[in-house]
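Colleague: If you count the sequence shown from 1, position 145 lands on 129 in this note's numbering, and the numbers rise without skipping. Backbone N, C-alpha and C fix where the C-beta goes; we use that ideal spot for every residue, glycine too. Okay, handing you the structure first.
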Amino acid sequence: MTNEQFMKVAIEKTKEGIFSGQSPFGAVIVKGDNIVAVAHNIVWKTCDPTAHAEVNAIREAAKELKTIDLSGSVMFTTCEPCPMCLSAIHWAKIDKVYYGATIADAAEAGFKELEFPAKELARLGKSPLIVEEGLCREECASLFSLWKNAALSKTY
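Structure, rendered in structure tokens:
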């Protein structure tokens, strides 16, 4: 599969989350050519403010691979990781993260993200994590409109 196809899996998972009353975020973790984990945000379902898509995908991947070291893995996430998620990605030793929509897109939709660029956080923290922005950006950003129109959950 291509990077775009992996991101499309994250986008579809996000839609599943939206229509189950969750926030518009999804993530996929890939090792080699294999999808290891696919998750969406379940903050409202679990009443857990840390249940972001990226963290949920890391939890699933670690369980699937039976290790906390996800070296050699790549994450595809529909929105720029917040500082909490970026830190979790770093701690999991994921090699690279691709994201679509930006923190600014999330803020425009009403989410109170910490407006600190993921790429800059990785650089300042001296993380070996590679952060790539803008993969399928328009399609990922459109998830916020889909979520608003569905009106099944709210921001946090």
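Since Cys124 contacts Ala88 with CB under 8 angstroms, what's their CB separation in whole angstroms?
Modeller: For this step, residue 124 is matched to residue 140 along the sequence shown. For this step, residue 88 is matched to residue 104 along the sequence shown. With a Cβ gap of about 13 angstroms, Cys124 and Ala88 do not count as contacting.
Colleague: Among residues of its own chain, excluding the 5 on either side of Thr139, which ones have a beta-carbon nearer than 6 angstroms to its beta-carbon?
Modeller: Residue mapping note: residue 139 aligns to position 155 of the sequence shown, counting from 1. Cβ neighbours of Thr139 beyond the five flanking positions: Gly94, Phe95.
Colleague: Note down the Cα distance separating Lys29 from Ala23, rounded to an integer number of angstroms.
Modeller: Here the question's residue 29 lines up with position 45 in the sequence shown. Here the question's residue 23 lines up with position 39 in the sequence shown. Approximately 13 angstroms, taken between the alpha carbons.
Colleague: Helix, strand or coil for Met59? Go by DSSP, reduced to three states.
Modeller: Reading the sequence shown from its first residue, position 75 is the one you call residue 59. Here Met59 sits in strand by DSSP.
Colleague: Looking at Gly5: is its Cβ nearer than 8 angstroms to the Cβ of Thr62?
Modeller: In the sequence shown, the residue the question calls residue 5 occupies position 21. In the sequence shown, the residue the question calls residue 62 occupies position 78. No, these two residues do not count as a Cβ contact at 8 angstroms.
Colleague: How long is the line joining the alpha carbons of Gly109 and Cys69, rounded to whole angstroms?
Modeller: Walking along the sequence shown from the start, residue 109 turns up at place 125. Walking along the sequence shown from the start, residue 69 turns up at place 85. For Gly109 and Cys69, the distance between alpha carbons rounds to 14 angstroms.
Colleague: Restricting to Cα atoms, I'd like to know which of Phe128, Val81, Trp131, Ser126 is closest to Asn(-13).
Modeller: Position 3 of the sequence shown, counted from the first residue, corresponds to residue -13. Per the Cα distances, Val81.
Colleague: Can you tell me whether Thr38 is buried or exposed? The criterion is at least 16 other CB atoms within 10 Å of its CB, across all chains shown.
Modeller: Numbered from 1 along the sequence shown, position 54 holds the residue referred to as residue 38. It should be pointed out that residue 38 corresponds to Glu in this sequence rather than to Thr. Its Cβ being crowded by 16 or more others within 10 Å, Glu38 is buried.
Colleague: Buried or exposed: Leu98, going by 16 or more other Cβ atoms within 10 Å of its Cβ?
Modeller: To locate residue 98, count along the sequence shown from 1; it is residue 114. Looking at its Cβ environment, which holds fewer than 16 other Cβ atoms inside 10 Å, Leu98 is exposed.
Colleague: Within 10 Å of its beta-carbon, does Thr(-2) have 16 or more other beta-carbons around it, so buried, or fewer, so exposed?
Modeller: Along the sequence shown, read from residue 1 onward, the residue named residue -2 stands at position 14. Buried: at least 16 other Cβ atoms inside 10 Å.
Colleague: With a threshold of 7 angstroms on Cβ separation, who are the neighbours of Gly16 within its own chain once the five nearest residues in sequence on each side are excluded?
Modeller: The residue you call residue 16 lines up with position 32 of the sequence shown. There are no such residues.
Colleague: Measuring CA to CA, which of Ala90, Met59, Ala134, Ala(-6) is closest to Ile78?
Modeller: The count along the sequence shown starts at 1 and reaches residue 78 at position 94. For the residues Ala90, Met59, Ala134, Ala(-6), the minimum Cα distance to Ile78 belongs to Met59.
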